[in-house]
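Count along the sequence shown from 1, then add 67; that gives the number in the numbering used here. Using N, Cα and C, we set each Cβ at its ideal position, and we do this for glycine too. Quick notes on the structure that follows.
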Amino acid sequence: MTEDKMSFWTLLGQARESAQAGETSVAALILNELRDTCRTGDATLDRKRMELLDVVSRSCGIPFELAPPGPVAVTERPSLAGELGPITADGQPGVSLVTCAMNRSENLVKALPSWLACDELREIVIVDWSSREPVSEALAAAGLTDPRIRVIRVEGEPRWILSYAFNIGFRAASCRQILKCDADIVVDPRFFELNPLRPGCFVAGNWRRAAEGQAYVNGFFYIWKKDLAKVGGFNEFITTYGWDDDDIYDRLVQEGVTRCDVEGDTIYHLPHDDEARTGDAAASVIESAAHEIGSGTKFLIRRNRFIANVMPSWNERAILLPMVGEDDGHSVPVLRRQGYDPNPVPDHTVADADFYAMRELASWRLGRRVLELDRRTLPLLLDRPFGKLSLLEVEILLGNAPEGLGAADAFCVIDLDPALLPTEGSRAAKGVETLRALAAARGMAIAFRGPFTAPHESMAPRLRTEPFLPSWFNIGMPGRVGVGALRDTASALPSRNVVVTFDATALDALETAPAPAAPAVASGRKRLFMDCQHGLGNRMRALGSAASIAAKTDRELVVVWQPDHHCDCTFTDLFDYSGAVIDESFVDGAAATCDVYNYMEVEGGEKDKPVDVNSPRDIYGRAAFVLQSPFSNWEGDNAFLQGLTPVSAITDLVMDVRHPNDLSAHVRMEAGAGLDHNSYDQPDGNWSEKDHELIHHWRAKSHFSHFLKRIDALIEAGEVETLFLATDLPETYETFRKYYGDRLAWLERSLFDRSKEQLYYALADAILLSRAPRLLGSTWSSFSELAMRLAPQKMVVEMSGTDF
Numbered sequence: 068m069t070e071d072k073m074s075f076w077t078l079l080g081q082a083r084e085s086a087q088a089g090e091t092s093v094a095a096l097i098l099n100e101l102r103d104t105c106r107t108g109d110a111t112l113d114r115k116r117m118e119l120l121d122v123v124s125r126s127c128g129i130p131f132e133l134a135p136p137g138p139v140a141v142t143e144r145p146s147l148a149g150e151l152g153p154i155t156a157d158g159q160p161g162v163s164l165v166t167c168a169m170n171r172s173e174n175l176v177k178a179l180p181s182w183l184a185c186d187e188l189r190e191i192v193i194v195d196w197s198s199r200e201p202v203s204e205a206l207a208a209a210g211l212t213d214p215r216i217r218v219i220r221v222e223g224e225p226r227w228i229l230s231y232a233f234n235i236g237f238r239a240a241s242c243r244q245i246l247k248c249d250a251d252i253v254v255d256p257r258f259f260e261l262n263p264l265r266p267g268c269f270v271a272g273n274w275r276r277a278a279e280g281q282a283y284v285n286g287f288f289y290i291w292k293k294d295l296a297k298v299g300g301f302n303e304f305i306t307t308y309g310w311d312d313d314d315i316y317d318r319l320v321q322e323g324v325t326r327c328d329v330e331g332d333t334i335y336h337l338p339h340d341d342e343a344r345t346g347d348a349a350a351s352v353i354e355s356a357a358h359e360i361g362s363g364t365k366f367l368i369r370r371n372r373f374i375a376n377v378m379p380s381w382n383e384r385a386i387l388l389p390m391v392g393e394d395d396g397h398s399v400p401v402l403r404r405q406g407y408d409p410n411p412v413p414d415h416t417v418a419d420a421d422f423y424a425m426r427e428l429a430s431w432r433l434g435r436r437v438l439e440l441d442r443r444t445l446p447l448l449l450d451r452p453f454g455k456l457s458l459l460e461v462e463i464l465l466g467n468a469p470e471g472l473g474a475a476d477a478f479c480v481i482d483l484d485p486a487l488l489p490t491e492g493s494r495a496a497k498g499v500e501t502l503r504a505l506a507a508a509r510g511m512a513i514a515f516r517g518p519f520t521a522p523h524e525s526m527a528p529r530l531r532t533e534p535f536l537p538s539w540f541n542i543g544m545p546g547r548v549g550v551g552a553l554r555d556t557a558s559a560l561p562s563r564n565v566v567v568t569f570d571a572t573a574l575d576a577l578e579t580a581p582a583p584a585a586p587a588v589a590s591g592r593k594r595l596f597m598d599c600q601h602g603l604g605n606r607m608r609a610l611g612s613a614a615s616i617a618a619k620t621d622r623e624l625v626v627v628w629q630p631d632h633h634c635d636c637t638f639t640d641l642f643d644y645s646g647a648v649i650d651e652s653f654v655d656g657a658a659a660t661c662d663v664y665n666y667m668e669v670e671g672g673e674k675d676k677p678v679d680v681n682s683p684r685d686i687y688g689r690a691a692f693v694l695q696s697p698f699s700n701w702e703g704d705n706a707f708l709q710g711l712t713p714v715s716a717i718t719d720l721v722m723d724v725r726h727p728n729d730l731s732a733h734v735r736m737e738a739g740a741g742l743d744h745n746s747y748d749q750p751d752g753n754w755s756e757k758d759h760e761l762i763h764h765w766r767a768k769s770h771f772s773h774f775l776k777r778i779d780a781l782i783e784a785g786e787v788e789t790l791f792l793a794t795d796l797p798e799t800y801e802t803f804r805k806y807y808g809d810r811l812a813w814l815e816r817s818l819f820d821r822s823k824e825q826l827y828y829a830l831a832d833a834i835l836l837s838r839a840p841r842l843l844g845s846t847w848s849s850f851s852e853l854a855m856r857l858a859p860q861k862m863v864v865e866m867s868g869t870d871f
């Protein structure tokens, strides 16, 4: 038992004995002396002592008034004169708040009154890291004085270094408990009541659980000083913004200290820009992708994570920055660096950290294949702005001719036909040169694509040196154009990069003058009319199967796409399409000239009836499902869908969103029980009651909570860093935004219906979902299926209710 506790109990016993002997005046004197002298600064202990004094006084009938509540400042602080020592494990009872500032007194002045309102704080240590206006002067000007405030001035520091500054504050702190608080954090008076600090634990902010706009509370923590000493405080290998908080939390947990999330409404982060946070001036003009990445806080965080992982482990044996102080006990103590830096990070390690952080963040925007670029090719890619980069440029740098990227701002990708390869001196080779000239007139270089792993050996030698891409590689969404579109320089192309199919038709067009466009439906050919039904995903899978059947049986495909409450737009509202399109269904009169295959059972149709392609008549399909034929298969159907060119309004939406991400998630909850109020979610005229019950069942399985649990597991396993979300309810977006913060990408919108405008977003959502290597989909959702069909790469798919 400490001397303080023994003295308290001894005097309390004397008071009781005096009262029992009838010496109430003596007992009263002792109790009043204890009331005035027994406060330790430990708010919990002091409160219990006062309660005990009150109980004794009342039981003995002694007049007694409780001491008014209020803070108890530290009375004996260690001198900072001479060499500053390490972070010590011991200290006085109570809590020391430690904060630091460099030219951020404006926020400090706003936050400090909330700290002074907390009686539990015995000391507020403010490390002034060479601010232009000394913090002590700013506080005096604001009229902020309190015996608990202790400003420590550090002189001669040209830039902000958090790890050094806070470690100095921890080394100077007097109390057993430390509240680490940035200068922009407001603390609620209820903080200590709602966030008790238990032995073996620390309380910390958590960006994953923080309210919107409050992610920066992640750096706040409340801890026992002995636990802080055990890990050596902040890692002084980290001397720029980012990762310092996660690093110290990881080391504390490894030491067996349990992390507890702070009660969210007991602290608040005052908003400000990244320049104030990092100490670096914001760039006025973004000149390149490398510049854009390097100017962001995410780059700094990942850079420092690499440094922390490769440098020696930081712990209690680490040598902290040597500091020497001047302290006369009255004015503001002043500290300066002394001697060498004991923890330098080698230049080659910093260069490695820059490279790997830059490459990782570039892969967030341009796909995982960026991670295969080396120190030579990554700068070639990122030297241009993101507006002039796509998956195509990445593949060119990884391909046979990375120098082909050169100074070209755009590419014309020539899709080769294996039956028409441009061999030396052939018509095809001459046609390619004509195509090269047309592309050059548009400011474009050429690249080849074909069903080979490398340029075919029969191609002309000069052409084999041009960039070549296997046809199964994902090159993004360049618009597909014909020779005529390239020739028509007065008209804009659908996208910066384009694809031209180099077949016999294209070769003829290159050798002749432009001719009038052919009619949409060729005369003399049998036709396959595909009347696409229900929502976008249903319509697209039906159309894909019809396109495969038509192509393989020499029938003209005619798209029948009537807007209705399921999908209130035309086909050409969504796609730049040169084929035949009819905007009105004619199923009732189709039997006069066509074999009709109506798969809509609610209309009396026969679902999955095999299509007889040998019929001499035209074929009319009406379905929300794939047509049943051996000529329809997953790969062929999807190839047609992937070859469609969305209108520019949709591609613009896609390009505005970070992609690809590590994971995409489609959460389909609308049409579930209680969420089926829309006409297109009701069984009447749409589907059977049995199917409606199945929809309710599977919508319950795709509740967002199931997705959160699975995504958390993937993040914990290190398999997912970023994700894209598409969902049908605004509440789900709000939940994911709060939960995942900057990890999350989504296409922001205010519409959640089936209007033309919303369907732009829907198709963009499907494309963005398809670009991730892993998809969490909703079972019994044709929209999740559409994302799979549009995926140009192999995709790992997990479905709600079956896989998670």
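State the start and end residues of the unbroken beta strand (DSSP E) segment that holds residue i.
i, result
"residue 553", "Per DSSP, residue 553 belongs to no beta strand (DSSP E); it is in the alpha helix (DSSP H), 550–554."
"residue 514", "512–517"
"residue 188", "188–196"
"residue 472", "Premise fails: residue 472 is in no beta strand (DSSP E) and is neither H nor E."
"residue 537", "535–537"
Look at the alpha carbon of residue i and the alpha carbon of residue j, and state the distance between them as a whole number of angstroms.
i, j, result
"residue 767", "residue 871", "13 Å"
"residue 74", "residue 140", "21 Å"
"residue 645", "residue 311", "56 Å"
"residue 270", "residue 244", "11 Å"
"residue 506", "residue 479", "6 Å"
"residue 609", "residue 822", "21 Å"
"residue 330", "residue 239", "28 Å"
"residue 521", "residue 488", "13 Å"
"residue 808", "residue 274", "7 Å"
"residue 476", "residue 733", "34 Å"
"residue 436", "residue 664", "44 Å"
"residue 594", "residue 825", "32 Å"
"residue 313", "residue 624", "57 Å"
"residue 357", "residue 320", "35 Å"
"residue 434", "residue 455", "15 Å"
"residue 214", "residue 205", "16 Å"
"residue 385", "residue 296", "11 Å"
"residue 736", "residue 799", "9 Å"
"residue 551", "residue 818", "37 Å"
"residue 115", "residue 265", "17 Å"
May I ask which residues mark the beginning and end of the alpha helix (DSSP H) holding residue i?
i, result
"residue 177", "172–183"
"residue 310", "Run containing residue 310: none; DSSP gives neither H nor E here."
"residue 274", "From DSSP, residue 274 is part of no alpha helix (DSSP H); its letter is neither H nor E."
Tell me whether residue i sits in a helix, a strand or coil according to DSSP, three-state version.
i, result
"residue 861", "coil"
"residue 774", "helix"
"residue 336", "strand"
"residue 582", "The predicted model places residue 582 with a pLDDT of 42, which falls under 50 and marks its position as unreliable, so this point remains unresolved."
"residue 87", "helix"
"residue 407", "coil"
"residue 818", "coil"
"residue 358", "helix"
"residue 320", "helix"
"residue 561", "coil"
"residue 828", "helix"
"residue 587", "Since pLDDT at residue 587 reaches only 43, below the 50 mark, its modelled position is unreliable, and no value is offered."
Which partner residues does residue i have in the DSSP bridge list?
i, result
"residue 130", "DSSP output for residue 130 lists no bridge partner at all."
"residue 644", "According to DSSP, which records beta bridges pairwise, residue 644 is partnered with nothing at all."
"residue 597", "626, 688"
"residue 247", "165, 288"
"residue 325", "268"
Just confirm the distance between the C-beta atoms of residue i and residue j, as a whole number of angstroms; I'd bet it's less than 8 Å.
i, j, result
"residue 218", "residue 196", "Between residue 196 and residue 218 the Cβ distance is about 11 Å, and since that is not below 8 Å, they are no contact."
"residue 428", "residue 369", "7 Å"
"residue 400", "residue 392", "6 Å"
Any beta-carbon of chain B closer than 8 Å to the one on residue i?
i, result
"residue 523", "No chain B appears in the structure shown, which is made up of a single protein chain."
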